[in-house]
Each structure stands twice: as C-alpha cells, then as structure tokens.
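Visitor: Protein chains in written order, with the working numbering: chain A, 98 to 423; chain B, 1070 to 1348. Glycine included, every Cβ here is placed at the ideal spot set by N, Cα and C. One structure is given below, represented as structure tokens, and several questions about it will come after.
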Amino acid sequence: MTATSPNFDVSTSSSASSALTSKHLKDKLFHWGLYGAAAFVLVLLGAIIVLLFKGGFPALQAFGLGFFVSAEWNPVTEQYGAAVMLYGTLVTSVIAMLLAFPASLGIALFLTEVAPVPMRRTIGTAVQLLAAVPSIIFGMWGFFIVSPLMATWVQPVLQAIFGPIPLIGELFSGAPAGTGILTAGLILALMIMPFITAMFVEIFNSVPPVLKEAAYGIGATTTEVFKAVTVPYGRTALVGAVMLGLGRALGETMAVTFVIGNANRIKASLYAPGASIASTIANEFPEAGPGSMKLHALLELGLALFVISFVVLALARWLVRTRIEG
Amino acid sequence: MTRLERRLLTDRIWRMIATTLAALAIVLLAWILWTVFYRGATALSFSVFTTPTMPPGRHGGLANAIVGTLIQVFLGLIIAAPVGLYAGTYLSELGRGKFADAVRFVNDVLLSAPSILIGLFVYELLVKTTGGFSGFSGAIALAVLILPVVVRATEDMLRLVPGSLREAAFALGATRAQVVTSVLWRAARAGIATGILLAIARAAGETAPLLFTSLGNLSWSFDLTAPMASLPVTIYQYAGSPFDEWVALAWAGALMITVGVLLLNIVSRLVLAPRGKAS
C-alpha cells in the first residue's frame, strides 16, 4: 500500500456529507479492486510454481538429481530421466538462435535504414503478421511442406558438403529423414525470427538520430553507421531481445512436436529424431495416468522448463530495461 | 580499387544482403499463407461449418470444434479481461514502488511463459482436483494466457493518456474511481480494445494448454464440465492421423484459424492507426 498516491484520499474532511462519504467508500472499494487485481497476478505465478513443484516432487524424490543426467525414459521399468529432452531442447534452440539472429539483424537493418520510408510500415506489418501465425500452423507447414524438402534437397546437399569433414560431418550423418533435430531448429528459427526482428527494429529506432547524423557527417556509409553506431549503442538491449527470443524457442511446443521426430535417444547427427521437453510433455501426457510416476516425471520436466525459461527471461528483462516487446 | 570504392562496394553488398533477407521473410509469409489457403480451401465447404467431427468415411465437419473454441475463448476472455483491466490500471495509475515493480516483472514472466506449462498448471489445479477434463478448465487455461496481455496493454495505453486530462477531472472534484472509469478508460478505449483483440488472437490459436484441460471431444458438447472440442486440438489430432479425409479437414481448420488470427491482428492495427502511438 506504500504505492498509494497522496491525493487519493481527497474527501476526508470532517464536514463530509453522506453523499461524499458514500463516494469516498466507493472510491476506497475501487482502489482495493485495483490493488487486488494486481496482487492476483503475483498469486497466479506463485500458484503455478507451487503446483508444478508439488506435482513433480515425487519424481524428484524418486530419482533425485540423477533425473537430469539420466537418458533413460522407460515407462515399463518406471525409470525416467530428462537428459534426452534437455539435450533436444538445448540443441534445437541453439540452431534456432544461430539462424534467427543474423536473419533478424539483416531484416531490421533493411527496415530501419535500407528500405524506402513508405515501404517500411507495410513490410514491418508483414513481418509482425508472421509473428502472429499460431505455432500449430508452423508445425503443419513444417511437417507437410518443409520436411519433404529437407529430405530431398537440403539434407543430401549439406551431407555432400560437410560429410567428408571429420567431426562436423558427424552432425550431418545418417539417413535424411526430413524430420529431426535440424528441421525442428529451422522451424523454430522461422518462428522466432519475426519476434526478434520486431524488437531489433524498436531498439534501432530508439538510437538518437544525432549520433547517426554525426557519423554520416564524417562520411560513413549506411552499413558503417549501422556497424559502428547503431549496433553498439543498442548492444545490451539487443542481447536482451535475443534472450527473449531464446526463451520463446525453449518452450515452443506444437511446431516442434510436429517435426522433431519424437524419439527418446541422443544421437550425434542433427538428422536424427529427438525430443524436447515441451514435445515430450505434449506427446506422453495422454499415456500418463493420474497419480502415475510418469505423470510426476512429466511435471518435473515442466518444472525444469519453467526454471530454465524463467532464468533466461529474467536475464533478458534485466538487459532490456526499456520495455519494448508487446 | 580505391579505398572509397571498396567501402561503397561493401555498403552495397550489405544492403543487398539485408534486402534479400527481408524479401525472404515476405516470401515465407506468402508461402505459409498460400499453403494454408491452397490446402484448406480445397477441403472447405459449407458442411464443414454445420457438421460435427465424425469417424473417417462419414464426411464429418468441424462445427463442434469451432463452437468449442468460441465458447472457451469467450469464457476465458470474460474471466481474464476485467482482472487484467484492473491490474493494468493499478500499474499505470498507482504503480510505484517495489510491489508494482514485482507485479510488472511477474506479468512479463507470465506473458512469455511457455504455454504448455499453463496447461500443466491448470491440469493440476482443476482437472486433477475435479476428477476430469472439462471445457471450463480449458477456458481457465486460456484466461491465464489472456490476462498478462490485457494487463500490459491497459498499462501501456493508460500511460499514453495525457496527465492534463487527469488533472482536469480531479479539478472538477471527481474521485479517483470516477477519473479512471469515466475519463481514462474512455480516453484509452481504442488502445485497450486493441490489446483485447490481440489477446483473443493469441488464445484462439493456442493448442498446448488445451491438450491437458479441455482435451477435445469428437461430438457436440455444450457442457462446461465435460471435455470440449476446440479447433486447434482437433487440427492437431487430425493432422497426425492416417486418414486423408481428416488431414484435409485439419487444413480446413488451419485456414480458419489463420484467417481469424491474422484478421484480428490487422483489425487491431486499424483500430489503433488513426490515433497513432503519440496521442
């Protein structure tokens, strides 16, 4: 209640008429309504944490910290470990970031410096519409359209280029099945690219024009200004924006479930099918009976995902101190 | 080649790369839309809107899924919107100090939290305790997704209302409640409406939270305590099925969802456009 502003209690004079008192009472109630709604937001997050923890606790008790390093996921022997899912989540997100970051940077450069001014709004809107496409649509498109293309064109070509190189060749070994870790990473990249681009554009637009003009004034070209002034000025916020994108990639469910292949094993090849935390929860939940150890294990996976994305998001928010994302 | 020429060439190359990348993004949007329209339109017919889902071979439609989505989104919205409006107003009008900072941060966390976790949360909260999947718990899951969007939109939009408007209302002897309800909310209504439209768009396309809450239903259900079909969950089940007829219906559903969500986004932009962000 320390946040109450001083002019809130305007009508507390001793000669207040009953009309004024009733008005005052209504005002008090209204204030408590506002306060209660705000407090509810806090309670909600608290409840999410408590219930996920409570649900996952039996699994944590049964498997201890070994849960996070064991690659076994066996409903028959009731042995559950999260290593495969942690690996899948991490690798697909890293692939997504590696592809989405340069693409977003380029598109943001185009939208803020290169494109003719009348075009910027239209193209910017198109990019934001891409961000609004539901993830299940990305999943279907990825499964029916992109995966076959990956299998017939992209994966054999990558194999031909990188295959002979030791170590790196391992990443592109195996049968080009279309679905798998690599395709999941690619679809994730396409999903978070518009989201990161929108934040980049906001950051670049917030750079004081004077700084850019000064650089242009001493004869710098557009890309030199971009590289030497715009990007360094927004550096911290850019990192924050990338981490917000990462947070989104880590928890994305439907698109990944369609294309990751859903196999509980870790392979060196990026062509191999895998599983992410979110895809495992979505896939295995229907077979997890109420009260079963499997359900507890899935809830513990959920808790792990929550902790990971919470840390990433908290870090991101701390970096993007200016609130930009909508 | 002189140093200047080299620099100008580098500039040209980077501009071309940036332009190509932007063009690729547009191509990507066009490609996805074309796929959804092409595959969805061939499966779409009037009966899809009037017939419920049926076993393969019996020419079912998506009517129960469409109605289920409408019910759950609408119910989620009327639960979450008032709370979001109040919380957002608190942050904008009274929100100073540590408590408000905490609420703001937690709201941001909720806004970006993986939606599948919201599904698990509502499963633990309602499905497990009441003993069954239900349309109501689906609506609650969507409400949890809608709430932070409305909080953020309300706060941002109220902050755009000029302080002189508040001062003028106070000078007339209005209480804080009157200032908020009859001046601020009115002044910011277009912006808040935009936020609500975007929240609807977000909730309507969500699949993951509904998998564990309303589950899906292969026939008509208006009972909020029983499992209820929804468009995204039906799309998910049908797209992964081995029946061509079901896959075609999944594309028809995908077309509906995509058109609906993108239209809501475009309309929300048009609502806000005449006022501009600087008002």
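1) If you measure from the beta carbon of A/V211 to each beta carbon in chain B, is any gap under 9 angstroms?
2) Taking Cβ to Cβ, would you say A/A413 is nearer than 9 angstroms to A/G337?
3) Given that a residue counts as buried once 16 or more other Cβ atoms are within 10 Å of its Cβ, and exposed if not, what is A/Y177?
4) For A/S102, count neighbouring C-beta atoms within 10 Å of its own C-beta (all shown protein chains included) and say buried if the count is 16 or more, exposed if not.
5) Based on Cα-Cα distance, which residue from B/T1071, B/W1320 and B/P1296 lies nearest to B/Y1107?
6) Are any of the Cβ atoms in chain B nearer than 9 angstroms to that of A/P245?
7) In chain A, which residues lie with their C-beta within 7 angstroms of the C-beta of B/A1246?
8) What are the residues of the stretch 176-198 of chain A that lie near chain B, defined by any Cβ-Cβ distance shorter than 7 angstroms?
9) Just the C-alpha distance for B/V1328 and B/I1304, rounded to the nearest angstrom, thanks.
10) When the Cα of A/L343 is compared with those of A/I315, A/P291 and A/T320, which residue comes out closest?
11) Could you spell out where the alpha helix (DSSP H) holding A/R414 opens and where it closes?
12) Does the distance from the C-beta atom of B/W1083 to that of A/T319 stay below 9 angstroms?
13) Is the CB-CB distance between A/L183 and A/F160 below 9 angstroms?
14) So, A/G399 versus B/L1189, is the Cβ gap smaller than 9 angstroms?
15) I'd like the ranges of any alpha helix (DSSP H) spanning at least 4 consecutive residues and lying wholly in the stretch 236-320 of chain A.
16) Note down, in chain order, every chain A residue with its Cβ under 8 angstroms from the Cβ of B/Y1107.
17) Against chain A, with Cβ distances strictly below 9 angstroms, would B/W1254 count as a contact?
18) Taking the Cβ atom as the reference point for each residue, do B/Y1159 and A/A135 lie within a distance shorter than 9 angstroms?
19) Examine the ligand NAD and report whether any of its heavy atoms sits within less than 8 angstroms of the Cβ of B/T1276.
20) Using a Cβ-Cβ distance cut-off of 9 angstroms, determine whether A/W238 contacts chain B.
21) Report the three-state DSSP secondary structure of B/M1123 (helix, strand or coil).
22) Any idea what DSSP makes of A/Y177, helix, strand or coil?
23) When you compare the stretch 1126-1143 of chain B with the stretch 1287-1301 of chain B, are there three or more beta-carbon pairs, one atom per stretch, that lie closer than 8 angstroms?
24) What span of residues does the alpha helix (DSSP H) with A/G221 cover, start to end?
25) Can you tell me whether B/T1088 is helix, strand or coil according to DSSP?
26) Report the rounded CA-to-CA distance for B/K1346 versus A/T276, giving the unit in angstroms.
27) Under 8 angstroms by Cβ, that's how I've got B/L1211 and B/V1142 pegged, so tell me the actual separation to the nearest angstrom.
28) Just how far apart, CA to CA, sit A/S389 and B/G1201?
29) Can you list, in chain order, the residues of its chain with a C-beta nearer than 6 angstroms to that of A/L227? Leave out the 5 residues immediately preceding and following it.
30) I need the DSSP call for B/L1284, collapsed to helix, strand or coil.
31) To the nearest angstrom, how far is it from the Cα of B/L1339 to the Cα of A/G221?
Guide: For this structure:
1) Yes, because at least one Cβ of chain B sits closer than 9 angstroms to the Cβ of A/V211.
2) In this structure, A/G337 lies closer than 9 angstroms to A/A413 by Cβ.
3) Residue environment for A/Y177: buried (at least 16 other C-beta atoms within 10 angstroms of its C-beta).
4) Confidence in A/S102 is poor, its pLDDT being 46 and thus under 50, which makes the residue's placement unreliable; the coordinate value appears in the next sentence. Exposed: under 16 other Cβ atoms inside 10 Å.
5) Answer by Cα proximity: B/W1320.
6) Interface criterion not met: the Cβ of A/P245 is under 9 angstroms from no Cβ in chain B.
7) Against B/A1246, the close residues of chain A are K123, D124 and F127, in the order they occur along the chain (beta-carbon pairs closer than 7 angstroms).
8) Of all residues in the stretch 176-198 of chain A, none has a Cβ within less than 7 angstroms of some Cβ in chain B.
9) When rounded, the distance between both Cα atoms is 15 angstroms.
10) Closest option to A/L343, judged by alpha-carbon separation, among A/I315, A/P291 and A/T320: A/P291.
11) Counting along the chain, the alpha helix (DSSP H) containing A/R414 begins and ends at M390 to L416.
12) Less than 9 angstroms divides the Cβ of B/W1083 from the Cβ of A/T319.
13) No, the Cβ-Cβ distance between A/L183 and A/F160 is not below 9 angstroms.
14) For the 9 angstroms CB-CB criterion, A/G399 and B/L1189 form a contact.
15) Fully enclosed alpha helix (DSSP H) runs of 4 or longer: 252-259, 265-268, 278-302 and 306-314.
16) The contacting residues do not exist; B/Y1107 stays about 10 angstroms from chain A at best.
17) Interface criterion not met: the Cβ of B/W1254 is under 9 angstroms from no Cβ in chain A.
18) Taking 9 angstroms as the Cβ cut-off, B/Y1159 and A/A135 qualify as a contacting pair.
19) Ligands in the displayed structure: none, and consequently the ligand NAD is not present.
20) So, interface residue.
21) In the structure shown, B/M1123 falls within a coil segment according to DSSP collapsed to helix, strand and coil.
22) Of the three classes helix, strand and coil, the one that applies to A/Y177 here is strand, per DSSP.
23) The stretch 1126-1143 of chain B, when compared against the stretch 1287-1301 of chain B, does touch it at the 8 angstroms Cβ threshold.
24) Bounds of the alpha helix (DSSP H) holding A/G221 are V214 to A229.
25) The answer is helix: DSSP assigns B/T1088 an H, G or I state.
26) Legend: pLDDT at B/K1346 = 45, less than 50; position of this residue unreliable, no value from coordinates given.
27) Sure, about 6 angstroms apart at Cβ, within 8 angstroms.
28) Between A/S389 and B/G1201, the C-alpha separation is close to 16 angstroms.
29) Taking A/L227 as the centre and dropping the five residues before and after it, the same chain places the C-beta of P291 closer than 6 angstroms to its C-beta, in chain order.
30) Here B/L1284 sits in strand by DSSP.
31) Straight-line Cα distance between these residues: approximately 15 angstroms.
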